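Q:
There are 2 protein chains.
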Amino acid sequence: MFPFKNNILLDRKANRNLYLQLCDQIIGYIKSGKLTPSTKLPGSRKMAEELGVHRKTVIAAYDELILQGWIETIPAKGTFVTSSLPIINPSNFSETGTLDKTNAKSNFSFTSRSNLLYNYSEAQENTERLIKVNDGSPDHRLAPIDEIAKTYRNITKKGYNKSLLSYGSTYGNEDLRNALVTYLNQTRGLHITANNILITRGSQMGIYLASQLLFTKKNRAIVGDTNYLTTNNTFKNAGGTIEQVPVDNNGIDTNAIEDLCKVKNIKAVYVTSHHHHPTTVTLSAERRMHLLQLAQKYKFAIIEDDYDYDFHYSNAPILPLASNDYNGNVIYIGGFTKIIAPAMRIGYLVAPKDFIDEAARLRRIIDRQGDMLLEQTLAKMIVAGDVQRHCNKVLKIYKSRRDLFCSLLKEKLSDYFTFKIPDGGMAIWVKLHKKFKWDDVVSKAYKQHLELNPEWRRYDHNNLGHNGIRMGFASLNEREIEIVIEKLQKVMQSLNY
Amino acid sequence: MFPFKNNILLDRKANRNLYLQLCDQIIGYIKSGKLTPSTKLPGSRKMAEELGVHRKTVIAAYDELILQGWIETIPAKGTFVTSSLPIINPSNFSETGTLDKTNAKSNFSFTSRSNLLYNYSEAQENTERLIKVNDGSPDHRLAPIDEIAKTYRNITKKGYNKSLLSYGSTYGNEDLRNALVTYLNQTRGLHITANNILITRGSQMGIYLASQLLFTKKNRAIVGDTNYLTTNNTFKNAGGTIEQVPVDNNGIDTNAIEDLCKVKNIKAVYVTSHHHHPTTVTLSAERRMHLLQLAQKYKFAIIEDDYDYDFHYSNAPILPLASNDYNGNVIYIGGFTKIIAPAMRIGYLVAPKDFIDEAARLRRIIDRQGDMLLEQTLAKMIVAGDVQRHCNKVLKIYKSRRDLFCSLLKEKLSDYFTFKIPDGGMAIWVKLHKKFKWDDVVSKAYKQHLELNPEWRRYDHNNLGHNGIRMGFASLNEREIEIVIEKLQKVMQSLNY
Chain W
0 MFPFKNNILL
10 DRKANRNLYL
20 QLCDQIIGYI
30 KSGKLTPSTK
40 LPGSRKMAEE
50 LGVHRKTVIA
60 AYDELILQGW
70 IETIPAKGTF
80 VTSSLPIINP
90 SNFSETGTLD
100 KTNAKSNFSF
110 TSRSNLLYNY
120 SEAQENTERL
130 IKVNDGSPDH
140 RLAPIDEIAK
150 TYRNITKKGY
160 NKSLLSYGST
170 YGNEDLRNAL
180 VTYLNQTRGL
190 HITANNILIT
200 RGSQMGIYLA
210 SQLLFTKKNR
220 AIVGDTNYLT
230 TNNTFKNAGG
240 TIEQVPVDNN
250 GIDTNAIEDL
260 CKVKNIKAVY
270 VTSHHHHPTT
280 VTLSAERRMH
290 LLQLAQKYKF
300 AIIEDDYDYD
310 FHYSNAPILP
320 LASNDYNGNV
330 IYIGGFTKII
340 APAMRIGYLV
350 APKDFIDEAA
360 RLRRIIDRQG
370 DMLLEQTLAK
380 MIVAGDVQRH
390 CNKVLKIYKS
400 RRDLFCSLLK
410 EKLSDYFTFK
420 IPDGGMAIWV
430 KLHKKFKWDD
440 VVSKAYKQHL
450 ELNPEWRRYD
460 HNNLGHNGIR
470 MGFASLNERE
480 IEIVIEKLQK
490 VMQSLNY
Chain L
0 MFPFKNNILL
10 DRKANRNLYL
20 QLCDQIIGYI
30 KSGKLTPSTK
40 LPGSRKMAEE
50 LGVHRKTVIA
60 AYDELILQGW
70 IETIPAKGTF
80 VTSSLPIINP
90 SNFSETGTLD
100 KTNAKSNFSF
110 TSRSNLLYNY
120 SEAQENTERL
130 IKVNDGSPDH
140 RLAPIDEIAK
150 TYRNITKKGY
160 NKSLLSYGST
170 YGNEDLRNAL
180 VTYLNQTRGL
190 HITANNILIT
200 RGSQMGIYLA
210 SQLLFTKKNR
220 AIVGDTNYLT
230 TNNTFKNAGG
240 TIEQVPVDNN
250 GIDTNAIEDL
260 CKVKNIKAVY
270 VTSHHHHPTT
280 VTLSAERRMH
290 LLQLAQKYKF
300 AIIEDDYDYD
310 FHYSNAPILP
320 LASNDYNGNV
330 IYIGGFTKII
340 APAMRIGYLV
350 APKDFIDEAA
360 RLRRIIDRQG
370 DMLLEQTLAK
380 MIVAGDVQRH
390 CNKVLKIYKS
400 RRDLFCSLLK
410 EKLSDYFTFK
420 IPDGGMAIWV
430 KLHKKFKWDD
440 VVSKAYKQHL
450 ELNPEWRRYD
460 HNNLGHNGIR
470 MGFASLNERE
480 IEIVIEKLQK
490 VMQSLNY
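Chains as they are written, first to last, in numbering that gives the first Met the number 0: chain W, 0 to 496; chain L, 0 to 496.
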């Protein structure tokens, strides 16, 4: 006789009805093999007494179990666990700890993607005292959250287009695509129609979609050495092979690209032409033209990741390669996470229509569609000029932060670091004097409650020995910049080689 | 001499400065080959006259072009297009129509995924008079949009945790993961911790992530015949091979699964155990146990897509297989698009921790992370009981719509259709009498401004001849249901075979 009294625990405070709790637990014992097929269950009166519940509760539970096929009633004999259920070996159901263990380890095999995620700061303690220098992120404290929330609220008011709440187009919200046509043609010199736009979740999804369509079957991609490593990983994950060419003060070396094209079949070239990631160098006019020429001739795609087009502090931003793509070679990727806030997970993929259509097909099985409410909110903010206004505002703030960071770095730390003042973007490419090691600097800094860019290890994965990392200045206010420099000074002075 | 006057168009009303417009266009002519290297440009005074602008505008433009490397000044000679730029063949820049053509067609090759998207209703006219019967979608008009917008507004008020606006965890918002632990353990009988949860964008992303990890290298997946076709496509896209087994009135045939396991290496079995998609049949208790047993023995993953767990009208919902997964075999997928609204693009993947960690790594290169503001909003709504309350409310409404639809279908159309009253979900599996063809019914209906489930063609892709389609009742109110039945009556009466 199964000791129901000791094994059934009913919680009168739980949301779930008592009779359903009883069902769940009996099913659990059947499934785990503790109650085997043809086991006789106590009559409802007896069970109710044992458990201290009303008899109706037990009857309701039994009815439910019969309906679901777990138990059966045999006239004049009683109620039994269904005899046709398979007999299984009892699992260690009641042993403590078993559950945690099974929830940790799967009983099937799958592909490991461990190359895709470094020891990222996911688990880092976010203590009050810790000050962080990131890779070049915006300052989320400046995000126009009131405008976003108000616009969002307005479009959800009664009477507004309710179809935004239903399923929408995989290509993205129609109003946003139309707003982007004007916005991108005006600010980036593009000449596109809505057919050339797929709305994505931030630029990373654009890179992912393009990779999946281009790099099956070990197709070759050319990237700079060094390069934004997440892109390399995204290409490799899609099945691509990476070829690296040097990057100098004029950006990626297009002669080296040409040499490769002569001997190998190249599917795509990845560029961050406005400011090379990580070195912040701008691709020169000469190389821009050369690259477009090569793309036309060798029929490869240029994946232009224009992640910081909006941030330019001295001369006007140089228009992207996409603005002069008359042959259908450029896949242009951008987004709003840097202008507005990382929380605004909206980006765009701009390309010839045939490519956009294929990307939409693929996107349909990835996450079906975007968030129509958020996309509509952004469309309204673009049309109202809120986005451009916000951009102008933060540009001034970031420029003064760059100036302060650079002048302090030069004044206080030029014995240890060299750098060029970046003419745009959110980070400085800082090279450490060769006699020091970033390892030592980073670990000493951490003891001073200063976290240097947690991705710094990733910048020299090919052992070029440039000894550089990116220091993001945009997310730090003036006081914070002063503290960072002060702490860095202490760290460097304490390093006696 | 290049005719600048005729080719440069400056728009004084545009957002972009005149001098930048001038730059953009000169760069355009250089890149397109109309202005070749070493071409002399007019002096600033002459150019200003030709274009009718102030001389300062031209000087600013020339300065900018020099900075960017497009033009160069040779002392005592004048200003020239930079001589070191590569010479390119002039493109048909001024021919009308060229642009549209290039924006339509790419000059590189890529993988075609045309199997992934059917002639879906993306482009369908949404006319006022057209009434639609879908595949089983919720009624977005019932979405608790006020609660969502208010909660969203509250969490963005000043003083709230601003870090929600910055980059967040790839696993999902921490508060939401914790809220889901309680919610899923209580409503689904799971016994998981936050480590077993990855927040996704709706359930489709869960299916996609699982596929990418399981089905590289032509690994085999078992699905029912017939099955939810988007899943088949997602598996195939990942590289998997599909094996189909019959589905009868007790759900997917687990004996057929066992037979396959004996002769082939099976990586995963996909089930919609609560209501098989498309036939709405519930997987029987006996087969549930058998399937779990097989998974343990043959070490395959059970992908349990529990897309409509919350919608059950007669007896209580049967707990998912995941609630009795003591060996780490079940990958459980669900979401909030059906409970709340398709616009609520939040779902979850529940699995052993090692699998969740790999899925998070992959997800990081797909779209990096979710929308923290929306996830926090949902967390608050779950904790406050809003989600459960809303669910209870719509459940009553959907039940009465099911009852009305079924009774009218039986009363008015039983000469043509057969069906079982579904005990849950949002759709009825309706079989058409064999002497009729859905093709005829659908096209006749369309003329009556009645659009039958636009995905109906997808249900018999293996030519089983079941002659069934899903009719979604949940998104139609009583008046609409009456109209649908009325129109269907007319359609059927007009079909004389």
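Think of the CB as a built atom: it goes at the ideal place given N, C-alpha and C, for glycine as much as any other residue.
This one's a predicted model, so the numbers in the text were calculated from it and none came from an experiment.
Output the distance between the C-alpha atoms of Gly32/L and Glu285/W, rounded to the nearest integer angstrom.
A: Counting from 1 along the second sequence, the entry for residue 32/L is found at position 33. Counting from 1 along the first sequence, the entry for residue 285/W is found at position 286. Straight through space, the alpha carbons of Glu285/W and Gly32/L are spaced by roughly 13 Å.
Q: If the cut-off is 7 Å on Cβ atoms, which residues from the region 199-223 of chain L count as contacting chain W, listed in chain order?
A: Arg200, Gly201, Gln203, Met204, Tyr207, Leu212, Leu213, Thr215
Q: Which value, in whole angstroms, describes the spacing of the CA atoms of Arg478/W and Arg44/L?
A: Numbered from its first residue, the first sequence carries residue 478/W at position 479. Numbered from its first residue, the second sequence carries residue 44/L at position 45. Going by the C-alpha atoms only, they are around 48 Å apart.
Q: Hey, which unbroken runs of the alpha helix (DSSP H) at 4 residues or more fall wholly within the region 49-87 of chain W?
A: Whole alpha helix (DSSP H) segments, 4+ residues: 54-67.
Q: If you reduce the DSSP assignment to three classes, tell me which class Lys446/L lands in.
A: Within the second sequence, the letter at position 447 stands for residue 446/L. Residue state, collapsed to three classes: helix.
Q: Measure from the C-beta of Leu163/L to each C-beta in chain W and report whether the shortest distance is under 8 Å.
A: Here residue 163/L corresponds to residue number 164 of the second sequence, with the count starting at 1. For Leu163/L, the answer is yes, since a Cβ of chain W falls inside 8 Å of its Cβ.
Q: What residues match up with Tyr331/L in a beta bridge as DSSP calls it?
A: One-based indexing of the second sequence puts residue 331/L at position 332. Note: Tyr331/L sits in a beta bridge opposite Glu303/L, Val349/L.
Q: Look at the Cβ atom of Val132/W, then the Cβ atom of Val483/W, and state whether they are nearer than 8 Å.
A: Within the first sequence, residue 132/W is the residue found at index 133, counting from 1. Within the first sequence, residue 483/W is the residue found at index 484, counting from 1. Yes, these two residues count as a Cβ contact at 8 Å.
Q: Please classify Gly471/W: does DSSP put it in a helix, a strand, or coil?
A: Residue numbering aside, residue 471/W sits at position 472 when the first sequence is read from its first letter. Note: Gly471/W maps to strand in three-state DSSP.
Q: Distance cutoff 8 Å, beta carbons only. Does Pro341/W sit that close to anything in chain L?
A: For this step, residue 341/W is matched to residue 342 along the first sequence. So yes, Pro341/W belongs to the interface.
Q: Decide if Ala321/W is buried, meaning its Cβ has at least 16 other Cβ atoms within 10 Å, or exposed.
A: Position 322 of the first sequence holds residue 321/W. It is buried - the Cβ of Ala321/W has at least 16 other Cβ atoms within 10 Å.
Q: Any chance the region 10-24 of chain W sits against the region 184-200 of chain L, with 3 or more Cβ pairs inside 8 Å?
A: yes
Q: Compare the C-alpha of Gly238/W against each of Arg219/W, Ile251/W, Thr336/W and name the closest.
A: Translated into the one-based positions of the first sequence, residue 238/W becomes position 239. Ranking Arg219/W, Ile251/W, Thr336/W by Cα distance to Gly238/W puts Arg219/W first.
Q: Consult DSSP for Ile241/L and reduce its assignment to one of helix, strand or coil.
A: Along the second sequence, read from residue 1 onward, the residue named residue 241/L stands at position 242. Residue state, collapsed to three classes: strand.
Q: Would a check of beta-carbon distances place Met380/W closer than 8 Å to chain L?
A: Mapped onto the first sequence, residue 380/W falls at position 381. No, Met380/W lies away from the interface with chain L (no Cβ there is under 8 Å from its Cβ).
Q: Less than 8 Å between CB atoms is the rule here; does Tyr227/W satisfy it with respect to chain L?
A: One-based indexing of the first sequence puts residue 227/W at position 228. Judged by the 8 Å Cβ criterion, Tyr227/W is not in contact with chain L.
Q: Looking at the secondary structure, which residues open and close the beta strand (DSSP E) in which Arg219/L lies?
A: Walking along the second sequence from the start, residue 219/L turns up at place 220. Taken as a continuous stretch (DSSP letters only), the beta strand (DSSP E) holding Arg219/L covers 219-224.
Q: Any chance the CB of Lys379/W is under 7 Å from a heavy atom of the ligand ZN?
A: As for the ligand ZN, it is missing from this structure, which has no ligand bound.
Q: In this structure, does DSSP put Lys156/W in helix, strand or coil?
A: Counting from 1 along the first sequence, the entry for residue 156/W is found at position 157. Lys156/W: coil per DSSP, three-state reduction.
Q: Residue range of the beta strand (DSSP E) that Lys266/L falls in?
A: The residue labelled residue 266/L in the question sits at position 267 within the second sequence. Residues 265-270.
Q: Compare the Cα-Cα distances from Gly42/L to each of Phe3/L, Ile29/L, Tyr28/L and report the closest residue.
A: Position 43 of the second sequence holds residue 42/L. Nearest of Phe3/L, Ile29/L, Tyr28/L to Gly42/L, Cα basis: Phe3/L.
Q: Give me the DSSP bridge partner(s) of Lys39/L.
A: As a position in the second sequence, residue 39/L is number 40, starting the count at 1. Beta-bridge partners assigned by DSSP to Lys39/L: Phe79/L.
Q: Are the C-beta atoms of Ala13/W and some chain L residue less than 8 Å apart?
A: In the first sequence, residue 13/W corresponds to position 14, counting from 1. Output row for Ala13/W: interface = yes.
Q: Verify the CB distance criterion: does His139/L have a CB-CB separation below 8 Å to chain W?
A: The count along the second sequence starts at 1 and reaches residue 139/L at position 140. Taking Cβ atoms only, chain W reaches closer than 8 Å to His139/L, which makes this a yes.
Q: In whole angstroms, give me the CA-to-CA distance for Thr192/W and Ile332/W.
A: Within the first sequence, numbered from 1, the residue matching residue 192/W stands at position 193. Within the first sequence, numbered from 1, the residue matching residue 332/W stands at position 333. Each residue's alpha carbon lies about 15 Å from the other.
Q: First and last residue of the alpha helix (DSSP H) that includes Val393/L?
A: Mapped onto the second sequence, residue 393/L falls at position 394. That run of the alpha helix (DSSP H) goes 385-412.
Q: Quick one: grab the DSSP three-state call for Val483/W.
A: Mapped onto the first sequence, residue 483/W falls at position 484. Of the three classes helix, strand and coil, the one that applies to Val483/W here is helix, per DSSP.
Q: For Trp428/W, write down the residues that DSSP places opposite it in a beta bridge.
A: The residue you call residue 428/W lines up with position 429 of the first sequence. Looking at the DSSP assignment, Trp428/W forms a beta bridge with Arg469/W.
Q: Thinking C-beta only, is Gly471/W closer than 8 Å to Asp134/W?
A: Taking the first residue of the first sequence as position 1, residue 134/W is located at position 135. Taking the first residue of the first sequence as position 1, residue 471/W is located at position 472. Their beta carbons are under 8 Å apart, which means Asp134/W touches Gly471/W by this criterion.
Q: Label Ser105/W either buried or exposed according to how many other C-beta atoms from any shown protein chain fall within 10 Å of its C-beta, with 16 as the threshold for buried.
A: Counting from 1 along the first sequence, the entry for residue 105/W is found at position 106. Ser105/W should be labelled buried.
Q: Below 7 Å CB to CB, which residues in the same chain sit around Met371/W once its five sequence neighbours on both sides are set aside?
A: Residue 371/W sits at position 372 when you count from the first residue of the first sequence. Closer than 7 Å at Cβ, skipping near neighbours: Leu163, Gly167, Asn172.
Q: Quick check on the DSSP output: the beta strand (DSSP E) that includes Leu179/W runs from which residue to which?
A: Sequence index remark: in the first sequence, residue 179/W carries index 180 (1-based). Element bounds for Leu179/W: not the beta strand (DSSP E) but the alpha helix (DSSP H), 173-187.
Q: Report back the beta-carbon spacing between Phe214/W and Lys263/W to the nearest angstrom; my notes put them in contact at under 8 Å.
A: The sequence position of residue 214/W within the first sequence is 215, counting from 1. The sequence position of residue 263/W within the first sequence is 264, counting from 1. Actually they are not in contact, since the Cβ atoms of Phe214/W and Lys263/W sit about 14 Å apart, beyond 8 Å.
Q: Within the 8 Å Cβ cut-off, does Thr271/W reach chain L?
A: In the first sequence, counting from the first residue as 1, residue 271/W sits at position 272. Taking Cβ atoms only, chain L never reaches closer than 8 Å to Thr271/W, which makes this a no.
Q: List, in order along the chain, the chain L residues whose C-beta lies closer than 7 Å to that of Phe299/W?
A: Indexing the first sequence from 1 puts residue 299/W at position 300. Ordered by position in chain L, the residues that pass the 7 Å Cβ test against Phe299/W are Phe107.
Q: Can you have a look at Leu494/L and say buried or exposed, based on whether 16 or more other CB atoms are within 10 angstroms of its CB?
A: Reading the second sequence from its first residue, position 495 is the one you call residue 494/L. With fewer than 16 Cβ atoms within 10 Å of its Cβ, Leu494/L is classed as exposed.
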